[in-house]
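Let me begin by presenting the structure, written as structure tokens, before commenting on it.
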Amino acid sequence: SSYSLVAHLHQLFPRQLPLQVSLFYNKSSNFQPMAARVGPLNNPLSMPTGTTEDYGVRLGTKDGKYSFKINKYVTNVKDSNGTHGFNSFYMGMLFTDYQKARNKYKYELSGNTPDSYHVGDPSNWLYQPKTGQTEAQAISAMQADVSGWDSLIKSMPADFFSAWKIDLGSGTLADAKNYSYQTPTGFTIPEDNVSRGYEAELFAQPIRGLRLSANVSKAEATRDNIGDLAFNTLVAQINTALNTTAAGSLRSSSSSTAATALESWNANFYASWLSVKGQERAAVGEMRKWRVNLIANYDISRGFLKGCNLGLGYRWQDKVVIGYKYLYNDPIPQKATTAVPDMGNPYYGPAETNIDAWLGYSHKVGKRLNWRTQLNVRNIGKHNSLIPITTQPDGTVAAWRIAAPMLWSLTNTLEF
């Protein structure tokens, strides 16, 4: 649904107002019908919905030579598809990988199936002692870790394993196998988006044939409420268990330096998830806050150059956030297991400036045809160069894009 209101005050009060004054207001709302989207428990998600509201004023001289318009807009989108890039699939892989490890320790297997019982070297399925740890202490830690893992499995919602098509059975030797998982069909991590800003336009025609225009815009966008309630609750449950119980110490192999369930969780999922959640309600990166466009065009209507036009354009874009410094849970970043972006310390990409020019000619061909040709030059003076678009946590550039070079184009148009 949508509606608009416009009020031309200069028509209502023609004698009292020396200028053309118009007020306008628009509001619209909509939804996006999408194929069934679900959360991590196969729980249905609401359809994305959005609302937009903008209002402003236009002032102009009665001869139409000068005008100024400014408006403000706000767009809210609820439950849109998330744009983050973390490995959400690892929620399933964590349980298949470490359930297989748990079976090896609990049932003394060298493989993933019951027929590998006591096959080969017993060290295949026993914790090897860490530095300063006896063999007995290693075995005791292994048994505690297996027990902690079993407690985590029991605490998980039954709907999770059915949604991810993970069949762990009853956890007995007969159910040991090479487990697999499958991300739920339609699995989506929703988020809310808010965009707001201002737009101002100025038009002037100070002399015959000369048209000047300026456009200035300010835009900001934020993300919020990333992940539905079921997803956030599940992530918090798993993370708490891995950090506060022996389940997090379960090793991926018998090696004393093998990755633990907690380390794998942090490396493959939770560190990225913290990065995404840490940017909630902060300005979206790679979006320029300010933009300015200036255009001047002159049409020659007299003399031997009659029919020619020439113009100049100027485009400026503000610097842009392309990354953040990170806060680590260890003074030595290389030893840290989690990191969150420090929203107060962004890294910026450069502001960009471009200049364009054009030269055209228009001429009537017969009574009904009008021929127009125009030569355009964009990005005057630009040569091969790279522009940074993302950074590493230490500020070094992680990715670049190729800047647009100077471009020439010639167009011919027949109008009838």
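If you use this note's numbering, the sequence shown corresponds to residues 155 to 570, in order.
We put the beta carbon where it would ideally sit given N, CA and C, even for glycine.
In the three-state reduction of the DSSP assignment, E345 falls in the strand class, which pools E and B.
8 Å or more divides the Cβ of D496 from the Cβ of Y482.
Under DSSP, R456 forms no beta bridge with any residue. In this structure, Y501 places its C-beta atom within 8 Å of the C-beta atom of G549. A558 and I541 have their C-alpha atoms some 10 Å from each other. Of the other Cβ atoms in all chains shown, fewer than 16 fall within 10 Å of the Cβ of K216; this residue is therefore exposed. Taking the C-beta atoms as reference points, L263 is found no nearer than 8 Å to A373. For T398, the closest C-alpha among the options L466, Y352 and S305 is that of S305. Under the DSSP definition of a beta bridge, V231 partners with G204 and N347. About 6 Å separates the beta carbon of G246 from that of I320, a gap short enough to meet the 8 Å contact definition. The beta carbons of F423 and F240 sit about 7 Å from each other, so the pair counts as a contact at 8 Å. Within the same chain, Cβ atoms closer than 8 Å to the Cβ of A437 are found at E374, A375, T376, K443 and V475, the five residues on either side in sequence being excluded.
One Cα belongs to S158, the other to F167, and the distance between them is close to 21 Å. Taking one beta carbon from each stretch, the segment 352-371 and the segment 249-269 have fewer than 3 pairs nearer than 8 Å; the two do not touch. Between the C-alpha atoms of G498 and P547 there is a straight-line separation of about 14 Å. Around the beta carbon of T527, fewer than 16 other beta carbons sit within 10 angstroms, so the residue counts as exposed.
Within the segment 294-348, the complete alpha helix (DSSP H) runs of at least 4 residues fall at 312-317.
By the beta-carbon neighbour count (other beta carbons within 10 angstroms, threshold 16), T411 is exposed. When rounded, the separation of the alpha-carbon atoms in A190 and G340 is 6 Å.
Exclusion of the five residues before and after H517 leaves G461 and W525 as the residues of its chain whose Cβ lies within less than 6 Å of its Cβ. Excluding residues up to 5 positions away in sequence, P283 lie with their Cβ nearer than 8 Å to the Cβ of Q291 in the same chain. In the DSSP annotation of this structure, the continuous segment of the beta strand (DSSP E) that includes A373 starts and ends at L364 to D378. Here DSSP, grouped into helix, strand and coil, assigns G381 to coil. Excluding sequence positions up to five before and after T229, its CB lies within less than 6 Å of the CB of T206 and S349, all in the same chain and listed in chain order. In the DSSP assignment, K479 falls within the beta strand (DSSP E) that extends over V474 to Y482.
Excluding sequence positions up to five before and after P202, its CB lies within less than 8 Å of the CB of F185, Q186, M188, V231, K232, D233, S234, N235 and P344, all in the same chain and listed in chain order. Around L466, the same chain offers A450 and A511 as residues with beta carbons nearer than 6 Å, after the five sequence neighbours per side are excluded. Beyond the five residues adjoining it in sequence on each side, L195 comes within less than 7 Å, by CB distance, of P311, D313, F314, A317 and A384 in the same chain, given in chain order.
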